[in-house]
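Engineer: Before I ask anything, let me first share the structure, which is written out below as structure tokens.
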Amino acid sequence: MVKRVTQKLQSTIAGGALIIAFFTLIGKLLALVRNQLLAYEYGASNVTDAYYAAFRLPDLVSNTLFVGALSVAFIPVFVEFLSQGDETLEHKHWDVANSMLNILLIGISVLIIALMIFAPSVMRVMTPGFDAPTLALSVSLTRFMLIGVFFLAISSIFSGILQSYRRFQMFALAPVLYNVGIIIGIVFAPRFGLLSLGCGVILGALLHVLVQTVDVAQLGYRYRFTVQWTNTHVKKIIALMIPRTIGMIGVQLNEIVNTIIASTLLSGSVAAYYWAFDFQSAPYGIIAIPYAIAALPVFAASFAKHDIKEFVEHFSAILRRILFVIIPASILILILRAQIVRLILGYGKFDWEDTVMTIQTLSFFVVSLFAQGIVPLLARSFYANHNTKTPVIVSLLSIVINIIGSLLLSTHFGVAGLALAFSIASIFNASVLWILLRIQIGELDDERILKNVSKISIGAMIAGWLAYGMLYAVAHYVDTRTVSGLLIQAFVSACVFCCAYIGYSVVAKVEEFSTLKKLFHK
């Protein structure tokens, strides 16, 4: 029965997004556990700064080549191949997958070895504010984490295959197991030493690829060593990857610049920045990314049929559903930001100064959550039409704005200034992508989107005012200096917010609420 329900869900964008969202939620909860364990054991200290800084090089490689570039180039081409419906092509499309895998592994192996050798020099540039012991720890952790990149390279091809076939279950489970591996490393670090933190990342990456292997094999995939440089589809994937790779290099360089700036600020600023980012990205990761991932193969199929009307219908519906959740979520996070930070991180060596720094940073991140939420969908609308250049150019312009803003605002607001610069750049990114997509496609169901988003915003603000009032009302009856008091205060306020927002959605007949209700009934 579970298999039948899963297959039914995977047949639609909303169903596929629901599967991805479910596992993403579990992954986010595990990420909170991960952050809790780190905060409890080390606080916002040199150790946590070194740990988060160590991710920058591995993330530069994996996010640039796998998450960012390969997925958006591989899936549209692979879907176009599959849409031809010729069974005689089956062996050939597996040759395309194997060629891309082998090209990737050869290149990645060389790159990993080079980065391991030059890690001390690179990390010294990336973290100029670190003292010698912190830098040494960061270098050691970086070298361990780079090993995990090899496994993530294999996993990226498997993920692309599964998404092309709209098999989302194991693809969505993979990041959950990645976090499980990381948590295991954190748990054993006090006993076996800080390098266990790096070993946990390797374990997580290995689990990431293993969980997808069975599903890919069931589709008929078999590995063989082949590198078909002259294959038309291989060349097309590589050609589409190049602009996106450039864009993702820019994104990762932006993160490196933020790490450099944060390392020169108060001790713990690097950790506070990434903790706040994790908090604000929860609704983004649970709603926006799953919908965008599930939409890409469907958008690609619409463009392959040259059916613009079908694309616009899908695009409008998904955009409105994303904002139906993202807009109220951002307001609720803003209202409960202090309670969220204290309840999740406020233990052990995580003191009040760490709390204030993280709360301030989180506040500035949340301002742009609505824009962050629609950027993945807007970008994939271009990718599905084999256009990776436009989103990359816009992204690079946003990065320039972000870096300039970070340099200027961090002098006035500290680490929170980095979050404010990020928000300004995110709003710019979303606005320009929207304008360019409208120029390229034409009418995007603008009137309907504007009308529904206005309703959503009004409902979220009403719910926000009620929840904010309840926050202070409850404070008179509980001791907010205790965990139980904070938990009751946050829970009651969140319940008031949700009830008010749902009630408004029913009374105002918000279309997206009815659509999501039907989905869950199914």
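Per our numbering, residue -18 is the first one in the sequence shown, and the count goes up by one each step. Backbone N, C-alpha and C fix where the C-beta goes; we use that ideal spot for every residue, glycine too.
With H, G and I counted as helix, E and B as strand and the rest as coil, what does DSSP make of VAL(-14)?
Structural biologist: Taking the first residue of the sequence shown as 1, we reach residue -14 at position 5. The pLDDT assigned to VAL(-14) is 46, lower than 50, so where the model puts this residue is not dependable, and the model offers no usable value.
Engineer: Are the beta-carbon atoms of VAL77 and VAL215 separated by less than 8 Å?
Structural biologist: Taking the sequence shown and counting its residues from 1, the one referred to as residue 77 is at position 96. Taking the sequence shown and counting its residues from 1, the one referred to as residue 215 is at position 234. Their beta carbons are under 8 Å apart, which means VAL77 touches VAL215 by this criterion.
Engineer: Using the Cβ count rule (16 or more neighbours within 10 Å means buried), how would you classify VAL487?
Structural biologist: Walking along the sequence shown from the start, residue 487 turns up at place 506. Answer is exposed; the Cβ neighbour count stays below 16.
Engineer: With 16 other CB atoms within 10 Å as the buried threshold, where does ALA253 fall?
Structural biologist: As a first step, residue 253 is located in the sequence shown; it is residue number 272 there, counting from the start. With 16 or more other CB atoms across the displayed protein chains lying within 10 angstroms of its CB, ALA253 is buried.
Engineer: Quick one: residues in its chain with C-beta nearer than 8 Å to the C-beta of PHE132, no 5 flanking neighbours on either side, listed in chain order?
Structural biologist: The sequence position of residue 132 within the sequence shown is 151, counting from 1. Cβ within range, chain order: ILE183, ALA186, LEU187, HIS189, VAL190.
Engineer: Sort PRO309, PHE363, GLU428, LEU358 by Cα distance to MET475 and report the nearest one.
Structural biologist: To locate residue 475, count along the sequence shown from 1; it is residue 494. Reading off the sequence shown, one finds Ala at residue 475, where the question assumed Met. It is PRO309.
Engineer: Can you tell me which of the three DSSP states GLY423 falls into?
Structural biologist: As a position in the sequence shown, residue 423 is number 442, starting the count at 1. GLY423: coil per DSSP, three-state reduction.
Engineer: Run through DSSP, which three-state label would LEU313 get?
Structural biologist: The residue given as residue 313 occupies position 332 in the sequence shown. Helix.
Engineer: What are the start and end residues of the alpha helix (DSSP H) that includes HIS189?
Structural biologist: Mapped onto the sequence shown, residue 189 falls at position 208. Note, HIS189: alpha helix (DSSP H), 177 to 199.
Engineer: Report yes if the CB atom of MET126 is closer than 8 Å to the CB atom of ALA35, and no otherwise.
Structural biologist: The count along the sequence shown starts at 1 and reaches residue 126 at position 145. The count along the sequence shown starts at 1 and reaches residue 35 at position 54. Contact: yes.
Engineer: Okay, do the stretch 226 to 241 and the stretch 168 to 180 touch, 3+ Cβ pairs below 8 Å being the bar?
Structural biologist: no
Engineer: Compare the Cα-Cα distances from LYS370 to each of VAL168, MET107, LEU221 and report the closest residue.
Structural biologist: The count along the sequence shown starts at 1 and reaches residue 370 at position 389. When only C-alpha atoms are compared, the closest one is LEU221.
Engineer: Buried or exposed: which applies to ARG147, given that a residue is buried once 16 or more other Cβ atoms fall within 10 Å of its Cβ?
Structural biologist: Residue mapping note: residue 147 aligns to position 166 of the sequence shown, counting from 1. Under this definition ARG147 is a buried residue.
Engineer: Might you give, ordered along the chain, the residues of its own chain that have their beta carbon closer than 8 Å to the beta carbon of ILE7, omitting 5 neighbours on each side?
Structural biologist: For the purposes of this step, residue 7 is taken as residue 26 along the sequence shown, with counting starting at 1. Closer than 8 Å at Cβ, skipping near neighbours: VAL157.
Engineer: For LYS290 and SER379, I'd like the C-alpha separation in whole angstroms.
Structural biologist: In the sequence shown, counting from the first residue as 1, residue 290 sits at position 309. In the sequence shown, counting from the first residue as 1, residue 379 sits at position 398. Taking the straight line joining both Cα atoms gives about 30 Å.
Engineer: How big is the Cα-Cα spacing for LYS73 and ALA282?
Structural biologist: As a working mapping, residue 73 is identified with position 92 in the sequence shown. As a working mapping, residue 282 is identified with position 301 in the sequence shown. When rounded, the distance between both Cα atoms is 20 Å.
Engineer: Can you tell which of TRP210, ALA54, MET104, ALA481 has its C-alpha closest to the C-alpha of ASP30?
Structural biologist: Taking the sequence shown and counting its residues from 1, the one referred to as residue 30 is at position 49. Ranking the options by Cα distance to ASP30, first place goes to MET104.
Engineer: Is it buried or exposed for ARG205, if we count other Cβ within 10 angstroms and need 16 for buried?
Structural biologist: Counting from 1 along the sequence shown, the entry for residue 205 is found at position 224. Exposed: under 16 other Cβ atoms inside 10 Å.
Engineer: Is the beta carbon of ILE307 less than 8 Å from the beta carbon of ILE268?
Structural biologist: Taking the first residue of the sequence shown as position 1, residue 307 is located at position 326. Taking the first residue of the sequence shown as position 1, residue 268 is located at position 287. Yes, the pair counts as a contact, with Cβ atoms nearer than the cut-off.
Engineer: So, using beta-carbon positions, are MET350 and ARG318 closer together than 8 Å?
Structural biologist: Locating residue 350 in the sequence shown gives position 369, counting from the first residue. Locating residue 318 in the sequence shown gives position 337, counting from the first residue. One point to set straight first is that residue 350 is Leu, not Met, in the sequence displayed. It is not a contact, given that the beta carbons lie outside the stated cut-off.
Engineer: Which stretch, first to last residue, makes up the alpha helix (DSSP H) that contains TRP210?
Structural biologist: Counted from its first residue, the sequence shown places residue 210 at position 229. Looking at the DSSP string, TRP210 is not in any alpha helix (DSSP H), and its letter there is neither H nor E.
Engineer: In angstroms, rounded to a whole number, what distance separates the CA positions of TYR272 and ILE218?
Structural biologist: Your numbering for residue 272 matches position 291 in the sequence shown. Your numbering for residue 218 matches position 237 in the sequence shown. If you take the alpha carbons of TYR272 and ILE218, they lie about 23 Å apart.
Engineer: Can at least three beta-carbon pairs, one atom from the stretch 290 to 301 and one from the stretch 425 to 437, be found at a separation below 8 Å?
Structural biologist: yes
Engineer: Report back the beta-carbon spacing between ILE56 and LEU277 to the nearest angstrom; my notes put them in contact at under 8 Å.
Structural biologist: Numbered from its first residue, the sequence shown carries residue 56 at position 75. Numbered from its first residue, the sequence shown carries residue 277 at position 296. About 6 Å; that satisfies the 8 Å criterion.
Engineer: Run the CB neighbour count on ASP196, radius 10 Å, all protein chains shown included, and call it buried at 16 or more, exposed below.
Structural biologist: What you label residue 196 is simply residue 215 of the sequence shown in a count that begins at 1. ASP196 is buried by the Cβ-count criterion.
Engineer: In whole angstroms, what is the alpha-carbon distance linking ILE163 and LEU178?
Structural biologist: The residue given as residue 163 occupies position 182 in the sequence shown. The residue given as residue 178 occupies position 197 in the sequence shown. For ILE163 and LEU178, the distance between alpha carbons rounds to 7 Å.
Engineer: On the criterion of 16 or more Cβ atoms from any shown chain inside 10 Å, does ARG462 qualify as buried, or is it exposed?
Structural biologist: Taking the first residue of the sequence shown as position 1, residue 462 is located at position 481. Counting Cβ neighbours within 10 Å, ARG462 comes out exposed, since fewer than 16 surround it.
Engineer: My understanding is that GLY266 touches THR5, with C-beta atoms under 8 Å, so please give their C-beta distance in whole angstroms.
Structural biologist: Residue 266 sits at position 285 when you count from the first residue of the sequence shown. Residue 5 sits at position 24 when you count from the first residue of the sequence shown. At roughly 5 Å, the Cβ-Cβ gap stays under 8 Å, so GLY266 and THR5 are in contact.
Engineer: Taking all protein chains shown into account, decide if GLY484 is buried (16 or more other Cβ within 10 angstroms of its Cβ) or exposed.
Structural biologist: The residue labelled residue 484 in the question sits at position 503 within the sequence shown. Result: exposed.
Engineer: If I follow the unbroken alpha helix (DSSP H) through ASP259, where does it start and stop?
Structural biologist: In the sequence shown, the residue the question calls residue 259 occupies position 278. Note, ASP259: alpha helix (DSSP H), 250 to 264.
Engineer: Please determine, among LEU82, VAL238, SER121, LEU86, the residue with the shortest C-alpha to C-alpha distance to PRO101.
Structural biologist: If you number the sequence shown from 1, residue 101 lands on position 120. If we check each option's Cα against that of PRO101, SER121 comes out closest.
Engineer: Using only the alpha-carbon positions, how far apart do GLY(-3) and PHE403 sit?
Structural biologist: As a first step, residue -3 is located in the sequence shown; it is residue number 16 there, counting from the start. As a first step, residue 403 is located in the sequence shown; it is residue number 422 there, counting from the start. CA-CA distance, GLY(-3) to PHE403, rounds to 30 Å.
Engineer: Measuring only the C-alpha atoms, how far is HIS367 from ALA54?
Structural biologist: The count along the sequence shown starts at 1 and reaches residue 367 at position 386. The count along the sequence shown starts at 1 and reaches residue 54 at position 73. Rounded to whole angstroms, the gap between the alpha carbons of HIS367 and ALA54 is 8 Å.
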